[in-house]
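Visitor: Residues 2 to 281 (our numbering) are what the sequence shown spells out, left to right. Handing you a structure now.
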Amino acid sequence: MKFGVHLSTFTKTWNENYYPYFKDVKAWGYDGVEFPLMSPDDFDVQKAKAQLKAYDLACTCGTGMNPGRDIGSAHKDVNQEGVKHLKKCIDICHTLESDCLGGVLYAPWGMCISRQEGKDNIQRSLENLSRIGDYAKEKGVYLALEMINRYESYFLNTVADGLDYLNRINHDHIKLHLDTFHANIEEKSIKDALISGGKEIYHVHFCENDRGIVGTGSINWAQVKEGLEAISYDRWITIENFVMGNCEVGKDVFIWRDIEDSGLVAVKESIGFLKTLFSR
């Protein structure tokens with residue numbers, strides 16, 4: 002098992018300088034970080050590579066779609082912008098020696114329509130994902146589709162949804178990404194959801210029910226651990242706290258108040274809980 006932290010936990014904007022936090026991340030016992038690739042054109046991949054090496058950290062990467070880059074769009078230009086965006090993110094993963102690009106890869110984050118209304122978007126998205134999966138495979142990268150809650154997407158909310166889409170895509174380099182914050186809303190049992198996902202669960206985010214310090218809320222972490230053990234999951238568990246209101250990141254993920262004193266506090270306290278939970 003490897004423990005990581007999503008770098009936007011520390012920051013108030015998506016593109017803020019997060020490298021000053023690497024020293025603390027390493028000192029607290031994390032194995033790596035997750036880069037938010039919201040603007041891959043502006044991402045200095047060589048600097049990222051050098052900083053990872055300097056602190057002996059590994060990484061994963063995550064990204065999301067928006068209305069201007071949507072692989073399910075009927076508008077050719079918007080559709081192709083989405084394809085180009087994902088390929089750029091895959092290239093960055095390859096350069097950073099990360100085998101995982103997770104996140105909302107399939108539809109604009111925040112788009113909420115009925116699935117009947119969106120059925121053509123879903124079909125176009127799945128067809129594009131299959132083709133992008135070929136590109137990812139060439140680069141040694143897996144795409145991990147994140148199941149997010151009903152208030153943030155109509156497209157993919159549960160592991161059952163994800164398994165259905167994987168069957169339709171039928172690609173060995175496309176897997177699932179489970180986030181406990183979202184699963185706590187959508188799944189009847191996070192443990193059972195993990196078990197049903199089995200080998201298709203390729204990436205996992207840990208986040209408390211209120212987005213705060215892991216272990217301080219209502220999620221049953223013992224059962225989450227049991228689910229992970231049942232599927233012999235031995236990849237990344239990445240902390241993704243969003244705890245600061247009144248900022249770009251907070252606004253985008255619907256944080257209207259300060260959940261904890263700071264991202265630093267959330268990251269430091271969460272790794273302590275993780276190590277205790279997994280007796281590491």
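Note that the Cβ used here is the ideal one computed from N, Cα and C, for glycine as well.
Residues bridged to arginine 70 by DSSP?
Guide: Counting from 1 along the sequence shown, the entry for residue 70 is found at position 69. In the DSSP output, where bridge partners are listed per residue, arginine 70 has Asn67.
Visitor: One question on the structure: do glycine 65 and aspartate 100 come within less than 8 Å of each other, judged by their Cβ atoms?
Guide: For the purposes of this step, residue 65 is taken as residue 64 along the sequence shown, with counting starting at 1. For the purposes of this step, residue 100 is taken as residue 99 along the sequence shown, with counting starting at 1. Cβ atoms of glycine 65 and aspartate 100: not closer than 8 Å.
Visitor: Residue range of the beta strand (DSSP E) that phenylalanine 4 falls in?
Guide: Sequence index remark: in the sequence shown, residue 4 carries index 3 (1-based). Where phenylalanine 4 is concerned, the enclosing beta strand (DSSP E) stretches over 3-7.
Visitor: Would you grab the beta carbon distance between cysteine 90 and leucine 102 for me? Rounded to a whole angstrom, and I think it's under 8 Å.
Guide: Within the sequence shown, residue 90 is the residue found at index 89, counting from 1. Within the sequence shown, residue 102 is the residue found at index 101, counting from 1. Confirmed, about 5 Å.
Visitor: Taking DSSP as the reference, what is the three-state secondary structure of phenylalanine 36?
Guide: For the purposes of this step, residue 36 is identified with residue 35 of the sequence shown, where counting begins at 1. Phenylalanine 36 falls in the strand class under three-state DSSP.
Visitor: Nearest to alanine 267 by alpha carbon, out of Gly218, Phe255, Ile214, Ser280?
Guide: Here residue 267 corresponds to residue number 266 of the sequence shown, with the count starting at 1. Measuring from the Cα of alanine 267, the nearest candidate turns out to be Ile214.
Visitor: According to DSSP, alanine 59 sits in a beta bridge with which residue or residues?
Guide: Translated into positions along the sequence shown, residue 59 becomes position 58. DSSP, once it has assigned bridges, lists Gly33 as partnering alanine 59.
Visitor: Roughly how many whole angstroms lie between the Cα atoms of aspartate 135 and methionine 148?
Guide: Residue numbering aside, residue 135 sits at position 134 when the sequence shown is read from its first letter. Residue numbering aside, residue 148 sits at position 147 when the sequence shown is read from its first letter. Using only the alpha carbons, I get a separation of about 22 Å.
Visitor: Nearest to aspartate 262 by CA position, among Phe243, Leu164, Phe279, is which residue?
Guide: Translated into the one-based positions of the sequence shown, residue 262 becomes position 261. Minimum Cα distance to aspartate 262 is reached at Phe243.
Visitor: What residue range does the alpha helix (DSSP H) around alanine 231 cover?
Guide: Numbered from its first residue, the sequence shown carries residue 231 at position 230. Taken as a continuous stretch (DSSP letters only), the alpha helix (DSSP H) holding alanine 231 covers 222-231.
Visitor: Rounding to the nearest angstrom, what Cα-Cα distance links tryptophan 14 and tyrosine 166 in this structure?
Guide: In the sequence shown, the residue the question calls residue 14 occupies position 13. In the sequence shown, the residue the question calls residue 166 occupies position 165. Residue 14 is actually threonine in this sequence, not tryptophan. Those two C-alpha atoms are separated by around 32 Å.
Visitor: Determine the closest residue to serine 126 out of Ile93, Asp235, Asp173, His76, with distance taken between C-alpha atoms.
Guide: Taking the sequence shown and counting its residues from 1, one reaches residue 126 at position 125. If we check each option's Cα against that of serine 126, His76 comes out closest.
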